[in-house]
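Peer 1: I'd like to ask you about the structure that follows.
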Amino acid sequence: MKNRYLLVVVFSLVAMLAGTTLVTVDAEARAGGGKSFGSRGSRSYSQPVSPSSQPRPSQQAAPQPFSPSPYQAPQPAGGGFLRSMAGGLAGGLLGGMLFRSLGFGGGMGGGFGGGVGLFEIILIAGIIYLVYRIVKGRRNEAAPYQSPSAMGGYSEPEAPRPIQSAYADTAGDLAAGLSHIRQMDPGFDEQRFADGVMDIFFKIQGAWMNRDLSSVTPLLTPDMRRIFQEDIDRLLREHRVNRLENIAVRNVEVSEAWQESGQDYITALIYANLLDYTTDDASGQVVEGSKTDPVKFEEFWTFTRPVGNNPWQLSGINQK
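What follows is the structure, given as structure tokens:
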């Protein structure tokens, strides 16, 4: 019975820990597999940005009038509850076991009586402490920065920040980048480039589904072709086909443009949805994805070329 009691406690702790973690597994397998890879030059280690994601000046909220209501410092979500739960669980279990191990009490009913040894107490205490440390660490990571005034001191209300400044900086950087590209290629047109990105997107997805990159080799940098080919080789070894149907590109938006080391770079944000599923070569059965539930996604595709009027090649894909 002692072992049964220990298993119940351990199971409860594991369940509590699992409740603090949510893992999402995507079955997306389209060209690129829903992952980020490739190169964006010197910007490879920074997340692409979209100007349209920044609020325009007209979208700035009007300043709210100051209210003399009592100030309350923000509390991390769930902090008090998790701390109380972990502390109460630890105290209740350890206190109860210690109380019974000394010969007091009549057991827990249902056959859970009997003393608990020192080893079990130490083991359970260690597990409870580990759970508490993990929960505390995650809460600290999620807690926003608090100014000194949030620690209990009084401070004057801050003036509204210029929300549109981030958009202005991003838009200015994009405009400058496009201007530099046009200096070496006067015929460059942003809308025509976006249309070309849509065409390339369809061509690459088609080649991916056919498991043959020969038709799109000129559209890919050597590094991107190598990565795509490795994924296709894996599909061939596993005798699987990734099928893409009802592809609909909702919008293509140029988000970044710059030059470096004699190369032009443009990143475009693609909004699209499609049916994305994988079948077995022999049986035709669906092994991943769904034939009925469309996948909606947003991806940044980065293209590069030697400066001037030269063909563009896909050099990187980043998930938003």
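With mature numbering (1 follows the signal peptide of the UniProt record, and there is no 0) applied, the sequence shown covers -17 to -1, 1 to 303.
The beta carbon of each residue, even a glycine, is placed where N, CA and C say it ideally should be.
#1: Do the stretch 215 to 232 and the stretch 191 to 199 touch if we need at least three Cβ pairs shorter than 8 Å?
#2: Buried or exposed: which applies to Ala251, given that a residue is buried once 16 or more other Cβ atoms fall within 10 Å of its Cβ?
#3: Buried or exposed, going by whether 16 or more other CB atoms sit within 10 Å of the CB of Glu221?
#4: From Lys186 to Thr200, what does the alpha carbon distance come to, in whole angstroms?
#5: Expressed to the nearest angstrom, what Euclidean distance is found between the alpha-carbon atoms of Asn301 and Tyr254?
#6: Within its chain, find whatever has a CB closer than 6 Å to the CB of Met181; leave out the 5 residues flanking it on each side and keep chain order.
#7: Helix, strand or coil, according to DSSP, for Leu202 in the structure here?
#8: Out of Ala240, Val114 and Gly24, point me to the one whose CA is closest to Leu157's CA.
#9: Starting from the Cα of Gln296, find the closest Cα among Asn229, Thr204 and Ile104 and give me that residue.
#10: Quick one: using the 10 Å Cβ neighbour count with 16 as the cut-off for buried, is Asp206 buried or exposed?
#11: Keeping to the same chain, check which residues put their C-beta closer than 8 Å to that of Gln212; ignore five residues upstream and five downstream.
#12: Whose C-beta lies closer than 7 Å to the C-beta of Glu219 among residues of the same chain, with five residues either side of it excluded?
#13: Using only alpha-carbon positions, find the residue among Asn256, Val269 and Leu113 that is nearest to Gln188.
#14: Would Asn292 and Asp178 qualify as a contact pair, given that the criterion is a beta-carbon distance under 7 Å?
#15: Is the Cβ-Cβ distance between Ser25 and Glu243 less than 7 Å?
#16: Have a look at Pro289 and Tyr248 and give me their C-alpha separation to the nearest angstrom.
#17: Give a yes or no on whether the C-beta atoms belonging to Thr285 and Gln246 are separated by under 7 Å.
#18: State buried or exposed for Pro31, treating a residue as buried only when at least 16 other CB atoms are found within 10 Å of its CB.
#19: Where does Leu202 land, buried or exposed, given buried means 16+ other C-beta within 10 angstroms?
#20: Tell me, which residues are paired with Glu271 by DSSP?
#21: For a test of the three-state rule: what should DSSP assign to Glu221, helix, strand or coil?
Peer 2: So, from the data block:
#1: yes
#2: Taking the first residue of the sequence shown as position 1, residue 251 is located at position 268. So Ala251 ends up on the buried side.
#3: Position 238 of the sequence shown holds residue 221. Burial call: exposed.
#4: Here residue 186 refers to the residue found at position 203 when the sequence shown is read from its first residue. Here residue 200 refers to the residue found at position 217 when the sequence shown is read from its first residue. When the Cα atoms are used, Lys186 and Thr200 turn out to be separated by approximately 11 Å.
#5: Taking the sequence shown and counting its residues from 1, one reaches residue 301 at position 318. Taking the sequence shown and counting its residues from 1, one reaches residue 254 at position 271. It is roughly 13 Å from the alpha-carbon of Asn301 to the alpha-carbon of Tyr254.
#6: Residue numbering aside, residue 181 sits at position 198 when the sequence shown is read from its first letter. Taken in chain order, the residues that qualify are Val232 and Val235.
#7: Taking the sequence shown and counting its residues from 1, one reaches residue 202 at position 219. Leu202 falls in the helix class under three-state DSSP.
#8: Taking the sequence shown and counting its residues from 1, the one referred to as residue 157 is at position 174. The shortest C-alpha separation from Leu157 is found at Ala240.
#9: Here the question's residue 296 lines up with position 313 in the sequence shown. Nearest option by C-alpha distance: Thr204.
#10: Position 223 of the sequence shown, counted from the start, is the residue given in the question as residue 206. The residue is exposed, with fewer than 16 neighbouring Cβ atoms inside 10 Å.
#11: Residue 212 sits at position 229 when you count from the first residue of the sequence shown. Excluding residues within five positions, the ones whose Cβ falls inside 8 Å are Leu196.
#12: If you number the sequence shown from 1, residue 219 lands on position 236. Note on identity: in this sequence residue 219 is Leu, with Glu being the wrong assignment. Cβ within range, chain order: Arg194.
#13: As a working note, residue 188 is residue 205 in the sequence shown. Among Asn256, Val269 and Leu113, the Cα nearest to that of Gln188 is on Asn256.
#14: Here residue 292 is taken as the residue at index 309 of the sequence shown, counted from 1. Here residue 178 is taken as the residue at index 195 of the sequence shown, counted from 1. Not in contact: Asn292 and Asp178 (Cβ atoms no closer than 7 Å).
#15: Counting from 1 along the sequence shown, the entry for residue 25 is found at position 42. Counting from 1 along the sequence shown, the entry for residue 243 is found at position 260. Yes, they are a contact pair.
#16: Counting from one through the sequence shown, the residue named residue 289 turns up at place 306. Counting from one through the sequence shown, the residue named residue 248 turns up at place 265. Pro289 and Tyr248: Cα-Cα distance of roughly 9 Å.
#17: Indexing the sequence shown from 1 puts residue 285 at position 302. Indexing the sequence shown from 1 puts residue 246 at position 263. Not closer than 7 Å, so no.
#18: As a first step, residue 31 is located in the sequence shown; it is residue number 48 there, counting from the start. Buried, by the Cβ-count rule.
#19: Counted from its first residue, the sequence shown places residue 202 at position 219. Its Cβ being crowded by 16 or more others within 10 Å, Leu202 is buried.
#20: Counting from 1 along the sequence shown, the entry for residue 271 is found at position 288. Bridge partners of Glu271: Thr261.
#21: Here the question's residue 221 lines up with position 238 in the sequence shown. Reduced to three states, the DSSP call for Glu221 is coil.
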